[in-house]
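Asker: Going down the list, the sequences are from chains Y and A.
With positions in the first sequence counted from 1, the corresponding number in our numbering is that position plus 9.
Take the second sequence: its position 43, counting from 1, is numbered 30 in our numbering, and each next residue is one higher.
Dropping a structure here in structure tokens format, bear with me for questions.
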Amino acid sequence: MRFSQECLSTELSLMHLGPIHPSLPGPMKLALQVDGERIVRAEIETGYLHKGLEKSYENRNWFASMIPTDRIDSEGSIFAEMALCMAVEQICNIQVPRRAQMIRLILSELNRVSCHLTYLARVAQSVGFETTTHYILRERELILDLFELMTGSRFNLNFFRYGGVSADITEGFIERIFEVCRIIQIRLREYHALMIDNQSFVTRLAWLGPISAEDVYLMGITGPNARASGVITDIRKSHPYSGYDLIDFRVPLGMGAAGTVGDSFDRLKVRLEEIQESLLLLTHAAESVPPGDFSCIRVTHDFTVPAGEYFSRVEGARGFLGCHVVSSGDFSPVRVQWRTPSQNQLQIVPQLLKGVALQDVPVLLSTLDLSIPEVDR
Amino acid sequence: MDLKNLAQKLDRELAVSSTLKPFGRTEQIVLDVKSEDLAKVAGWLRLEESARLDWLENLSCFESKSKLVLSYFLRSQILDHSLIVRCELSIPEGEKVSVTSVASVWPMVHPYEQEISTLFGVEFKGNHSQRGVKGISFAEGAYPLRKSYVWEAVVL
């Protein structure tokens, strides 16, 4: 049988993924120009999750501003709450009590562990390791139960208030933190065996989508993705807040353990190590919560912020989260602008996808830990 | 970083007029420049020995007293200091305003300029970056984050 010239056409073909697709990190369109199985060009279109959050602040009073703040990133809502509270407290010159700072630190680190566990589960799912996914989500449930014990919610905690937190530590919470840290420490060894010591898993991730230190600078990438590329950047060290200056901890960096520095495997390994560091931070913080008040002021619906502005910086689970708050002394903010890590991280995706095989697209996207709600707001 | 000297040196070398103002109630200082001098000042701040501001943390925009205020939050990775550069733009009703892009100086500014362009109607001239990432778009002349944009929503 002879094949005609038309059947052997080698033109590039166009493939569209999204806006809703299981391999994508959220609602976004991915237009791929492919040559057989290899991607030649990629274009991204976002905006499908635009909720007008930043505009909605202008129609709310200061007390109600915590509601849209949680929705910046539902998985890591505590970081956005921290950023907004820090900015408003600086404008109002409010001194947060030490006890409240420690409670905030504990909840932040619990949220960091929860986000990183979700990341590991997502990467395992994209590779096809479904059993590992369920194991990791089982541990994440322990942390969500802790959130429920303390705040009443599993996600969108709405717990921080200007001047402190909304309630004191629940009875049994500190003991439960020690127990959860102990369990996750043991499980981390299991994840190590299932992922890091698993050659087929390592082969899937090594050399995939490396981000160089130069690209980290050009794109403004921060957080674990930047640290995986060997760039030392951590807001908790450079601009310490909420008690982070009192506790010593290590910032893990990517070393090219399997393929090259900054590849998908390094991004995963850095997050595993960060979970380890967060557990140590949590144990230390839980041991040293001082007595005192959980808040220094009572915030109500008629709370106002004097005229002024501030730009706060927080190290979220995905990177540098910034919040620029502008007040005119009115009942509503003039502007609340968010600098989210995923905004910058999304910029490198078209470049990383060039030359990648189609089957590696979900794996690569999952290792970047993008949050589309953060990008679109 | 001695900001007073920096501002004087800037005025001398580039013949631009700039003013130093406090950033809200903080100790941080804002360097206020005219929008037409922005690109020149950006390049100078990047290369000047006492400044070396090579990292743009954030670009923010807000409307105040019928003007759009652009705030560039800059940091030096080498000298570990920071500065905020600000310029004001007059707002023609329903029309775009334009300012020179600083993407050639700080490439990481691209997503912020793209977003401000869509939401505030600011055209950043000279930003030719083709990164293949497209964000949300609105109807022509609709700039949601301007105060003149009527957002018909009921907050319960």
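All residues carry an ideal CB built from backbone N, CA and C; glycine is no exception.
All figures in this text were calculated on a predicted structure; none of them were measured in a lab.
#1: So, does the CB of residue 64 of chain Y fall closer than 7 Å to a CB anywhere in chain A?
#2: Among residues of its own chain, excluding the 5 on either side of residue 155 of chain Y, which ones have a beta-carbon nearer than 8 Å to its beta-carbon?
#3: What residue ranges within the segment -12 to 76 of chain A form continuous alpha helix (DSSP H) runs of no fewer than 4 residues, ordered along the chain?
#4: Would you say residue 318 of chain Y faces chain A, with C-beta separation under 7 Å as the test?
#5: Taking the continuous beta strand (DSSP E) assigned at residue 41 of chain Y, which residues delimit it?
#6: Which residues in chain Y sit within 7 Å of residue 47 of chain A, going by Cβ to Cβ distance?
#7: Check whether chain Y comes within 7 Å of residue 98 of chain A, counting only Cβ atoms and requiring the distance to be less than that.
#8: What residues in its chain sit with their C-beta under 6 Å from that of residue 96 of chain Y, if we drop five residues either side in the sequence?
#9: Distance, Cα to Cα, residue 57 of chain A vs residue 252 of chain Y?
#10: By DSSP, does residue 169 of chain Y sit in helix, in strand, or in coil?
#11: Checking contacts by CB at 7 Å: is residue 53 of chain Y closer than that to chain A?
#12: Please look up how many angstroms separate the CB atoms of residue 234 of chain Y and residue 98 of chain A, rounded, as I've assumed it's under 8 Å.
#13: How would you label residue 137 of chain A, buried or exposed, when you count the other beta carbons within 10 angstroms and need 16 or more for buried?
#14: Listing by chain order, which chain A residues have their CB less than 8 Å from the CB of residue 410 of chain Y?
#15: Sort A:77, A:78, A:110 by Cα distance to residue 90 of chain A and report the nearest one.
#16: At 9 Å on the CB atoms, spell out the chain A contacts of residue 102 of chain Y, in chain order.
#17: With 7 Å as the threshold, decide whether the Cβ of residue 7 of chain A is near any Cβ in chain Y.
#18: So, helix, strand or coil for residue 320 of chain Y, using DSSP?
#19: Within its chain, find whatever has a CB closer than 7 Å to the CB of residue 194 of chain Y; leave out the 5 residues flanking it on each side and keep chain order.
#20: Enumerate in chain order the residues of its own chain whose CB-to-CB distance from residue 44 of chain A is below 6 Å, with the five nearest sequence positions on each side excluded.
#21: Using a Cβ cut-off of 7 Å, pull out every chain A residue sitting near residue 228 of chain Y, in sequence order please.
#22: Quick one: give me the first and last residue of the alpha helix (DSSP H) that residue 142 of chain Y is part of.
#23: Looking at the secondary structure, which residues open and close the alpha helix (DSSP H) in which residue 212 of chain Y lies?
#24: Inspect the CB distances between the segment 212 to 222 of chain Y and the segment 270 to 288 of chain Y and report whether three or more fall short of 8 Å.
#25: If you measure between the beta carbons of residue 274 of chain Y and residue 313 of chain Y, is that distance less than 7 Å?
#26: Could you tell me the boundaries of the beta strand (DSSP E) in which residue 112 of chain A lies?
#27: Measuring alpha carbon to alpha carbon, tell me which residue in Y:302, Y:227, Y:162, Y:369 is nearest residue 79 of chain Y.
#28: Where in the segment 40 to 124 of chain Y do unbroken runs of the beta strand (DSSP E), each at least 3 residues long, occur, reported from the N-terminal end onward?
#29: Using a cut-off of 8 Å between C-beta atoms, extract the partners of residue 59 of chain Y located in chain A.
#30: Between residue 58 of chain Y and residue 36 of chain Y, is the Cβ-Cβ spacing less than 7 Å?
#31: Is the segment -6 to 6 of chain A touching the segment 69 to 85 of chain Y, taking contact as three or more C-beta pairs under 8 Å?
#32: Would DSSP call residue 335 of chain Y helix, strand or coil?
#33: Fully enclosed by the segment 192 to 248 of chain Y, which alpha helix (DSSP H) runs are 4 residues long or longer?
#34: From this set, Y:249, Y:41, Y:115, Y:261, which residue's C-alpha is nearest residue 27 of chain Y's C-alpha?
#35: Cβ of residue 60 of chain A less than 7 Å from any chain Y Cβ?
#36: Quick check on the DSSP output: the alpha helix (DSSP H) that includes residue 372 of chain Y runs from which residue to which?
Answerer: Once the coordinates are examined:
#1: Answer yes: the Cβ-Cβ gap between residue 64 of chain Y and chain A drops below 7 Å somewhere.
#2: Exclusion of the five residues before and after residue 155 of chain Y leaves 119, 182, 185, 186, 189 as the residues of its chain whose Cβ lies within less than 8 Å of its Cβ.
#3: Listed in chain order, the alpha helix (DSSP H) elements of length 4 or more contained wholly in the segment -12 to 76 of chain A are -10 to 1, 25 to 34.
#4: Yes, residue 318 of chain Y lies at the interface with chain A (some Cβ there is under 7 Å from its Cβ).
#5: 38 to 44 is the extent of the beta strand (DSSP E) around residue 41 of chain Y.
#6: Under the 7 Å cutoff, chain Y gives 333, 346.
#7: With its beta carbon less than 7 Å from one in chain Y, residue 98 of chain A belongs to the interface.
#8: For residue 96 of chain Y, where only same-chain residues beyond five positions count, the Cβ hits under 6 Å are 319, 321, 332, 334.
#9: Going by the C-alpha atoms only, they are around 32 Å apart.
#10: Residue 169 of chain Y carries a strand assignment under DSSP once its states are collapsed to helix, strand and coil.
#11: Nearest CB-CB separation between residue 53 of chain Y and chain A: below the 7 Å threshold.
#12: With a Cβ gap of about 15 Å, residue 234 of chain Y and residue 98 of chain A do not count as contacting.
#13: Around the beta-carbon of residue 137 of chain A, fewer than 16 other beta-carbon atoms lie within 10 Å, marking it exposed.
#14: Nothing about residue 410 of chain Y can be reported from this structure: the residues present for chain Y run from 10 to 386 only.
#15: For residue 90 of chain A, the closest C-alpha among the options A:77, A:78, A:110 is that of A:110.
#16: By Cβ distance, chain A contributes 12.
#17: For residue 7 of chain A, the answer is no, since every Cβ of chain Y falls outside 7 Å of its Cβ.
#18: Strand, per DSSP.
#19: The answer, listed in chain order, is 288.
#20: For residue 44 of chain A, where only same-chain residues beyond five positions count, the Cβ hits under 6 Å are 60, 62.
#21: Residues of chain A passing the Cβ test: 95.
#22: That run of the alpha helix (DSSP H) goes 139 to 160.
#23: In the DSSP assignment, residue 212 of chain Y falls within the unbroken alpha helix (DSSP H) covering 208 to 214.
#24: The count of Cβ pairs closer than 8 Å, one atom from the segment 212 to 222 of chain Y and one from the segment 270 to 288 of chain Y, reaches three, so the stretches are in contact.
#25: No, these two residues do not count as a Cβ contact at 7 Å.
#26: Here the beta strand (DSSP E) through residue 112 of chain A covers 109 to 112.
#27: Here the closest residue by C-alpha is Y:162.
#28: Counting whole runs of 3 or more residues, the segment 40 to 124 of chain Y contains the beta strand (DSSP E) stretches 47 to 54.
#29: Those are 123, listed as they occur along chain A.
#30: For residue 58 of chain Y and residue 36 of chain Y, yes; Cβs fall inside 7 Å.
#31: Because the criterion of three Cβ pairs below 8 Å is not met, the segment -6 to 6 of chain A and the segment 69 to 85 of chain Y do not touch.
#32: Here residue 335 of chain Y sits in strand by DSSP.
#33: Runs of the alpha helix (DSSP H) inside the segment 192 to 248 of chain Y: 208 to 214, 222 to 228, 233 to 237, 244 to 247.
#34: Minimum Cα distance to residue 27 of chain Y is reached at Y:41.
#35: At least one beta carbon of chain Y lies nearer than 7 Å to the beta carbon of residue 60 of chain A.
#36: Start and end: 370 to 377.
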